[in-house]
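Data block below; observations after.
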Amino acid sequence: MNANVLINGTVATMEMSGHFDFSAHRDFKDAYMALMQNHLVLVIDVNLSAVDYMDSSALGMLLMLRDRAQAANKEVTLSKPSKVVSHILDIANFSKLFNIS
Amino acid sequence: MNDLHKENNPIIPLANSMHLANFDRASVTDQPATLNEASRGLALVVDDSVTNRIVLEALLDQEGYKVISAEDGAQAVQMYVEHQPDIVFMDVMMPKMDGYEATQRIKELADMRFVPIIFLTALTADEALTKCIEAGGDDFLSKPYKQSVLRIKMIALERIRNLTRTAAMQHHKITEQHMSMLREQEVAEHIYNAAVTSDNVGLNYIRSLLRSVSTFSGDMLLSAYHPAGRLHILLGDFTGHGLTSSIGALPAADVFHTMTVKGYSAPEILAAINQKLHRLLPADMFMAGCLVVVEEDMKTVAIWNAAMPDVLLIDGKTREVKARVTSVNLPLGIVADTDYHQTVMRFDLTPGDRILMCSDGVTEARNAAQECFGEQRLMQSVSAGSDSFASVIAVLDAFCTGVNLSDDLSLVEISCQQGMLENVYLETANQRAQPMVMQDKRGWSWALDLKGSSLRYLNPVPLAISQLLEIEGISAHQQTLFVILTELYSNALEHGVLKMDSRLKSSADGFSQYYAEREAKLKKLEDGFIHFEIELVPLENGQVGNDKLVVRIKDSGVGFDFTHWIDAPPNNALGLSGRGIMLLHSLCQSVRYIGKGNQVEIIYALKDDLSD
């Protein structure tokens with residue numbers, strides 16, 4: 642699991658890859674905490690295209706990110722989930738909480 | 012031999028290791044404190060030659076040791092037992108018992124305690140080293156020896172001894188902590204079981220497989236009877252597994268059992284669990300869950316799915332999947348104030364039908380090739396054998412052969428058979444606490460006024476039932492009273508406050524139209540009232556169990572012409588719309604309409620013997 646962050650204008654993209662589960666906790670948190678301090682960033686997009694699997698603790702991490710982002714007036718979006726990841730997001734009905742593209 | 016006295020170096024300070032040695036002596040080992048207090052420790056010198064002993068004793072004394080001596084191996088073992096020395100200097104050739112044997116015995120006696128034993132030998136180095144190490148010795152020194160060499164060996168062995176003692180002390184601490192953790196887990200497990208699973212009911216009709224990664228499971232299965240005669244079954248799966256994820260199970264189970272027994276509806280219960288978890292759990296923890304409600308007539312089942320794999324409705328005869336309930340809800344505990352009225356799926360039931368639900372531990376179980384079990388395999392395995400539940404387990408086990416469980420896994424099958432709800436009355440009675448015994452001057456009343464928009468969301472029936480249970484402990488009457496109060500209240504609300512026409516309900520289409528209209532009107536409700544009052548009237552002899560309950564309810568509506576109800580209680584011919592009033596007449600001692608028909612008073616006898 643890796644979390645690469647790219648900042649382009651007001652949009653920060655967190656590119657996740659591999660297994661997105663509890664083992665990614667620290668990397669993921671470190672990545673988004675750095676973004677919280679950045680006033681220029683208004684949107685945090687979590688790019689899931691390279692994630693092959695994700696479990697409920699990853700869903701929890703996304704919720705934690707959403708919580709923090711809301712407090713910092715930033716929006717969180719999810720993008721390019723694979724079929725498997727998309728299915729997991731569907732079961733949890735995360736489309737009600739996140740803008741998924 | 013004279014080498015010994017040539018050097019007279021000062022004692023090398025050993026601040027660090029001395030500190031450890033003292034600390035360790037005080038806390039772990041139980042040595043006699045008399046001989047080795049305030050010194051480098053106690054040394055045991057074993058030699059049959061008086062001269063050798065005196066020389067070595069003097070040298071060790073100079074180094075800061077207290078010294079005791081033995082003349083042969085047997086005496087050495089004896090002195091070891093009595094004084095537990097910190098270091099031993101051992102000659103090899105001695106009468107009675109030689110140095111090798113004495114060393115073996117002392118090492119056996121010392122067990123986990125590390126006692127350095129240094130051999131002093133005139134034998135050649137290679138030979139001596141081998142024999143002395145084999146016997147359990149730690150080092151050797153060839154005679155004649157230099158004092159400086161002896162000192163260095165002592166320091167080296169002291170270091171090892173201190174390290175060993177520190178390790179032993181830490182091991183001891185870890186063992187203690189581990190024991191105390193096990194004790195705590197036992198207590199926690201007991202509380203968990205008592206709070207979460209012990210209240211479950213209907214277990215003859217529910218088969219379940221719960222496998223957990225650790226002592227505690229993040230999955231939980233709950234069941235309870237609703238006073239209206241329904242069976243509520245909830246399967247929950249908390250984020251993660253182990254103790255942390257099972258913590259949320261306690262409040263969730265509490266809300267589920269308490270509210271179901273008090274007669275709250277399934278959407279209300281889900282909303283309350285959601286609210287409680289939202290308040291208690293950190294943002295990244297939540298509960299996926301599905302709630303199944305088997306209705307009292309066993310003809311319908313209502314299923315809510317919140318982020319669980321599809322719930323399957325399986326035909327009792329053909330074993331085919333008749334319906335799948337896909338999750339349309341968020342997991343519980345994420346968003347506050349969630350409404351569950353619209354997110355239910357209802358199905359007709361035929362006796363023998365089965366409902367199968369599972370946690371994602373089943374669909375995401377992996378085989379040796381890291382493939383997921385998946386919904387496809389689950390669906391296929393359901394129809395594979397004559398017993399769906401057993402067949403899923405068999406297929407799953409075969410799939411996961413040789414792979415350790417990575418997430419908690421649960422599979423639950425509910426068999427909707429005749430007799431499933433027969434024990435509702437008995438078991439709901441058993442679930443109750445013992446009634447509070449009221450003594451003299453009994454009798455009380457309880458009233459509630461609901462006004463305007465509070466009628467939209469406040470349901471006074473569960474409140475009233477819980478009051479009755481707490482004050483009178485009349486659990487045997489709970490179900491009947493629930494039916495009576497619900498009838499009275501919904502009549503007052505629907506026909507009185509909302510002014511709805513019950514004739515709408517006479518056709519199947521009208522029925523749903525009626526409820527849609529009710530929903531719409533309720534949303535817009537701004538004024539109106541319902542007054543709700545319960546009074547306990549004790550009989551004069553004051554015996555518990557022969558009392559009467561009087562329930563009065565008044566609404567803001569225009570009332571109705573009740574004259575034709577007075578003498579002739581209604582019968583079945585009235586169809587769907589007269590059902591409520593007919594039910595009231597059959598359950599109550601009397602039903603009386605007052606005024607223009609917007610008030611009603613019923614009397615219910617609290618007899619001990621319900622068969623009467």
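Protein chains in written order, with the working numbering: chain A, 642 to 742; chain B, 12 to 623.
Ideal placement from N, C-alpha and C gives every residue a C-beta, glycine not left out.
Model, not experiment: these values are computed from the prediction.
Residues near Glu-546/B in its chain [Cβ-Cβ closer than 6 angstroms; skip 5 each side]: Ser-456 and Val-561
Ile-685/A at chain B interface by Cβ criterion, 8 angstroms: Chain B contact via Cβ: absent.
What is the DSSP secondary structure of His-680/A, counted as helix, strand or coil? Three-state DSSP puts His-680/A in coil, outside helix and strand.
Cβ closer than 8 angstroms: which chain A residues qualify as neighbours of Ile-345/B? Leu-704 and Leu-738
Count the C-beta pairs between the stretch 360-380 of chain B and the stretch 394-405 of chain B that are closer than 8 angstroms, then say yes if the count reaches three, no if not. With a cut-off of 8 angstroms, the stretch 394-405 of chain B and the stretch 360-380 of chain B count as touching, because enough Cβ pairs lie within range.
Within 8 angstroms, do at least three Cβ pairs link the stretch 402-411 of chain B to the stretch 350-360 of chain B? The answer is no - the stretch 402-411 of chain B does not touch the stretch 350-360 of chain B, with fewer than three Cβ pairs under 8 angstroms.
Three-state secondary structure assigned by DSSP to Leu-220/B: strand
Give, in chain order, every residue of the stretch 706-733 of chain A whose Cβ lies closer than 7 angstroms to some Cβ of chain E. As a matter of chain content, chain E is missing from the structure shown, whose protein chains are A and B.
Nearest-angstrom beta carbon gap, Ala-334/B and Leu-324/B [assumed within contact, 8 angstroms]: 4 angstroms
Mind checking whether Ala-85/B and Met-101/B have CB atoms under 8 angstroms apart? no
Would you call the stretch 142-151 of chain B and the stretch 195-209 of chain B touching, i.e. three or more CB-CB distances under 8 angstroms? no
Which runs of the beta strand (DSSP E), 3 residues or longer, sit entirely within the stretch 308-394 of chain B? The qualifying runs are 311-317, 322-325, 332-336, 355-359 and 365-369.
Taking 8 angstroms as the cut-off, decide whether the C-beta atoms of Asp-295/B and Thr-349/B are in contact. Their beta carbons are not under 8 angstroms apart, which means Asp-295/B does not touch Thr-349/B by this criterion.
Can you name, in chain order, every residue of its own chain whose Cβ lies under 7 angstroms from the Cβ of Glu-498/B, other than the five neighbours on each side? Gly-591, Leu-594 and Leu-595, listed in sequence order.
Cβ-based neighbour list, Gly-240/B, same chain, cut-off 7 angstroms, excluding 5 preceding and 5 following: Glu-307, Leu-432, Val-435 and Gln-490
Taking Leu-341/B as the query, report the chain A residues whose CB atoms sit under 9 angstroms from its CB, ordered along the chain. Ala-733, Asn-734, Phe-735, Lys-737 and Leu-738
Between Gly-701/A and chain B, is any beta-carbon pair separated by less than 8 angstroms? Interface residue, yes.
With 16 as the cutoff for other CB atoms within 10 Å, does Pro-106/B come out buried or exposed? exposed
Could you name the residues of chain B that Ser-698/A contacts, counting a contact when the two beta carbons are closer than 8 angstroms? Thr-250, Gly-251 and Asp-295
Whole runs of the beta strand (DSSP E) within the stretch 463-549 of chain B, excluding any shorter than 3 residues: 540-548
Any beta carbon of chain A sitting closer than 8 angstroms to that of Ala-334/B? No, its Cβ sits nowhere closer than 8 angstroms to a Cβ of chain A.
Would you say Val-646/A lies against chain B (beta-carbon separation less than 8 angstroms)? no
So the candidates are Leu-515/B, Ser-501/B, Asp-512/B and Arg-529/B; which of them puts its Cα closest to the Cα of Glu-542/B? The amino acid occupying residue 542/B in the given sequence is His; Glu does not appear at that position. Answer by Cα proximity: Ser-501/B.
Is it buried or exposed, Lys-77/B, if we count other Cβ atoms within 10 angstroms and call 16 or more buried? buried
If I measure Cβ to Cβ from Ser-698/A and keep anything under 8 angstroms in the same chain, skipping five residues before and after, which residues do I get? Asp-662, Phe-663 and His-666
Within 8 angstroms of any Cβ in chain A, is that where the Cβ of Thr-421/B sits? First, the amino acid is wrong: residue 421/B is Ser here, not Thr. Ser-421/B does not count as touching chain A.
Cβ neighbours of Arg-172/B in the same chain (closer than 8 angstroms, five flanking residues each side left out): Ala-32, Asp-97, Ile-98, Phe-125, Val-126 and Pro-127
Would you please state the rounded distance, in angstroms, between the beta carbons of Phe-735/A and Thr-718/A? I believe it to be under 8 angstroms. Rounded, the Cβ-Cβ distance is 11 angstroms, inconsistent with contact.
Beta-carbon of Pro-320/B versus every beta-carbon of chain A: anything under 8 angstroms? Chain A, which has a Cβ nearer than 8 angstroms to the Cβ of Pro-320/B, makes this yes.
Please state the DSSP three-state secondary structure of Asn-645/A. strand
When Glu-169/B, Cys-427/B and Lys-534/B are compared against Arg-467/B, the one with the closest alpha-carbon: Lys-534/B
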